[in-house]
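Enquirer: When the sequence shown is numbered by the working numbering, its final residue is 712 and no position is left out of the sequence of numbers.
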Amino acid sequence: MAKVFRNVLIKNASQLVTCSGHAAKYGKDMSDLGIIENGAIACKDGIITHVGTTEEVLAQVNESDYRVFNGKGHTVLPGFVDSHTHLVFDGYREDEFSWRLRGDSYMSIMQRGGGIINTMNATRAASSERLTLNACRYIEGMIKMGVTTIEAKSGYGLDKKTELKQLRVIKKLRKNFPIDIISTFMGAHAVPPEYEGRADAYIDYIISDVLPKVDYYQLAECCDVFCEKGVFNIEQSERLLRAAMQYGLKPKLHADEMVDFGGAELAVKLGALSADHLLHVSDDNIRRLAESSTVATLLPLTAFSLQEPYPRGREMIDAGCAVALATDLNPGSCFSYSIPMLFALACISMKLTPEEAVTALTINGAAAVGRADSIGSLDVGKQADLVVLSYPSYRFLLYHVGVNAVRITFKRGELASLSSVF
Ligand code: NIG
Ligand code: FE
Numbered sequence: 291m292a293k294v295f296r297n298v299l300i301k302n303a304s305q306l307v308t309c310s311g312h313a314a315k316y317g318k319d320m321s322d323l324g325i326i327e328n329g330a331i332a333c334k335d336g337i338i339t340h341v342g343t344t345e346e347v348l349a350q351v352n353e354s355d356y357r358v359f360n361g362k363g364h365t366v367l368p369g370f371v372d373s374h375t376h377l378v379f380d381g382y383r384e385d386e387f388s389w390r391l392r393g394d395s396y397m398s399i400m401q402r403g404g405g406i407i408n409t410m411n412a413t414r415a416a417s418s419e420r421l422t423l424n425a426c427r428y429i430e431g432m433i434k435m436g437v438t439t440i441e442a443k444s445g446y447g448l449d450k451k452t453e454l455k456q457l458r459v460i461k462k463l464r465k466n467f468p469i470d471i472i473s474t475f476m477g478a479h480a481v482p483p484e485y486e487g488r489a490d491a492y493i494d495y496i497i498s499d500v501l502p503k504v505d506y507y508q509l510a511e512c513c514d515v516f517c518e519k520g521v522f523n524i525e526q527s528e529r530l531l532r533a534a535m536q537y538g539l540k541p542k543l544h545a546d547e548m549v550d551f552g553g554a555e556l557a558v559k560l561g562a563l564s565a566d567h568l569l570h571v572s573d574d575n576i577r578r579l580a581e582s583s584t585v586a587t588l589l590p591l592t593a594f595s596l597q598e599p600y601p602r603g604r605e606m607i608d609a610g611c612a613v614a615l616a617t618d619l620n621p622g623s624c625f626s627y628s629i630p631m632l633f634a635l636a637c638i639s640m641k642l643t644p645e646e647a648v649t650a651l652t653i654n655g656a657a658a659v660g661r662a663d664s665i666g667s668l669d670v671g672k673q674a675d676l677v678v679l680s681y682p683s684y685r686f687l688l689y690h691v692g693v694n695a696v697r698i699t700f701k702r703g704e705l706a707s708l709s710s711v712f
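1. Going by C-alpha to C-alpha distance, which of Cys624, Gly660 and Val691 sits closest to Tyr382?
2. State buried or exposed for Tyr233, treating a residue as buried only when at least 16 other CB atoms are found within 10 Å of its CB.
3. Run through the DSSP bridge pairs and tell me what Ser683 is partnered with.
4. Could you give the first and the last residue of the continuous alpha helix (DSSP H) run that contains Leu536?
5. Residue range of the alpha helix (DSSP H) that Val459 falls in?
6. State the start and end residues of the unbroken beta strand (DSSP E) segment that holds Gln305.
7. Using the rule of at least 16 other Cβ atoms within 10 Å of the residue's Cβ for burial, across every protein chain shown, is Glu346 buried or exposed?
8. Using only the alpha-carbon positions, how far apart do Ser572 and Lys301 sit?
9. Check whether the Cβ of Asp319 sits closer than 7 Å to any heavy atom of the ligand FE, and report yes or no.
10. Are the beta-carbon atoms of Leu377 and Leu619 separated by less than 8 Å?
11. Straight-line CA distance for Val691 to Thr365?
12. Just to confirm my understanding: we take Leu687, look at its own chain, exclude 5 residues before and 5 after, and list those with CB closer than 6 Å. What are they?
13. Under a Cβ-count criterion, where at least 16 other Cβ atoms within 10 Å of its own Cβ denotes burial, should Asp449 be classed as buried or exposed?
14. Lys293: buried (16+ other C-beta within 10 angstroms of its C-beta) or exposed?
15. Would you say the beta carbon of Asn620 is closer than 7 Å to some non-hydrogen atom of the ligand MG?
16. My assumption, with CB atoms under 8 Å, is that Ala330 sits in contact with Leu299. Please give the rounded CB distance.
17. Is His570 near the ligand NIG, going by C-beta to nearest heavy atom under 7 Å?
18. Quick one: is Asn627 buried, meaning 16 or more other Cβ sit within 10 Å of its Cβ, or exposed?
19. With distances taken from CA atoms, which of Val670, Ala706, Val677 and Leu531 is nearest Val341?
Below, the structure written as structure tokens:
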């Protein structure tokens, strides 16, 4: 388990990439990383207390009070926020991946009873211990790549018992790892076989039977829905999310992933934290997102795995949207939590700049899970969630294509992962 060094001082960092701010950054502001050359950062009891040049910080602190790291030749950034994952599941779908390589589409496999229902069957049958062990494997890998906050959805139970089981596993994982795991209830991920052809009745069941339990046991912060042609329509999605909001859950949506369906517009109307995927979002709805408080969360690893066109991230930022990037880790459309590959696709294929990609994975990711006030930037008073790169510039996150550039990950000042001798 991680060693506790909660009072940490990193000095002489070649770059301290602060991403300073307490809210999502929109459009052009996403390029401003607030970089401090030869920077230093001090943290006490897991909270950032000083940020500045090494000279400024050393003038204000007593080095002997800290575990001191020499950051010469290294870059320090805020911990990455993976704001969209389906972390808890059992069963793999490698056969579906090869069917897609041969030309099958994701939705046609789903309509044949594969896809999410395939994972639902395995997840219903799995013990909590098995689900926990599966997720541990991914979380360990994610921390090594600099992730300090993960959003994790239910949605492979599609019945009360299994949805609650998944959410309880997330709660347990939160206790086992030195990172934040934000729980999202996604009972409306697909229509289960028991309700085939009766999506309205399934939404009624979630609202009357499952949501009250999720609330009673305090198992989720957010509620998400797969708002998509052939899954849940706009009316059903709105009905569910409004009911969830009555319980204090914050809405998020899988929106306009397969077709332009109006999910992004609904997200804006509800003041959702985020509208996610957006592969087929219309120009009008890009404009609506830009004028809203809803973060446009893009998942290029999914588009890559599904061989779909990438979301129009460049246009969204140029239109003034707040864009976040996340992995979408799940056993079907995207069995990957690779941060290096996410950077590569975002910059090389979607034409985000490295600065925009860093903002999208830090402060904007934090906003997409409602935590921009406490994580996502190196600001005094925020949690000491830090990533130290092996290299002197954040640009290595992209330049070192597909390779993990992270040397150390700190969560609330604790050493969460150390790749090799610093
Ligand atoms: O975000 N699109 C819906 N949900 C997931 C995929 C889940 C699965 O295929 O198991 C997604 O891509
Ligand atoms: Fe997803």
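By construction, the Cβ of each residue, glycine as well, lies at the ideal position given by its N, Cα and C atoms.
Expert: Answer, in terms of the structure:
1. When each option's Cα is compared against that of Tyr382, the closest is Cys624.
2. What is shown of the chain runs 291 to 712, which leaves residue 233 out entirely.
3. Under DSSP, no beta-bridge partner is assigned to Ser683.
4. A small fix is needed here, since residue 536 is Gln in this sequence, not Leu. Gln536 -> alpha helix (DSSP H) spans Ile524 to Gln536.
5. Lys450 to Asn466 is the span of the alpha helix (DSSP H), which, as asked, contains Val459.
6. Its beta strand (DSSP E) spans residues Val298 to Val307.
7. Answer is exposed; the Cβ neighbour count stays below 16.
8. Approximately 47 Å between the Cα atoms of the pair.
9. No, since every heavy atom of the ligand FE falls outside the 7 Å radius drawn around the Cβ of Asp319.
10. Less than 8 Å divides the Cβ of Leu377 from the Cβ of Leu619.
11. Val691 and Thr365: Cα-Cα distance of roughly 17 Å.
12. In the same chain as Leu687, and ignoring 5 residues on each side of it, the C-beta atoms closer than 6 Å to its own belong to Phe633 and Ala695, in chain order.
13. Buried, by the Cβ-count rule.
14. With a pLDDT of only 47 at Lys293, under the threshold of 50, the placement of this residue in the model should not be trusted; the figure read from the coordinates follows. Taking a 10 Å sphere around the C-beta of Lys293, we find fewer than 16 other C-beta atoms and assign the residue as exposed.
15. The ligand MG is not part of this structure, which contains only the ligand NIG and the ligand FE.
16. Contact between Ala330 and Leu299 holds, with the beta-carbon distance rounding to 7 Å and staying under 8 Å.
17. No.
18. The residue asked about is misnamed: residue 627 is Tyr in this sequence, not Asn. The residue in question, Tyr627, is buried, as its Cβ has 16 or more Cβ neighbours within 10 Å.
19. Nearest in C-alpha terms to Val341, of all of Val670, Ala706, Val677 and Leu531, is Val670.
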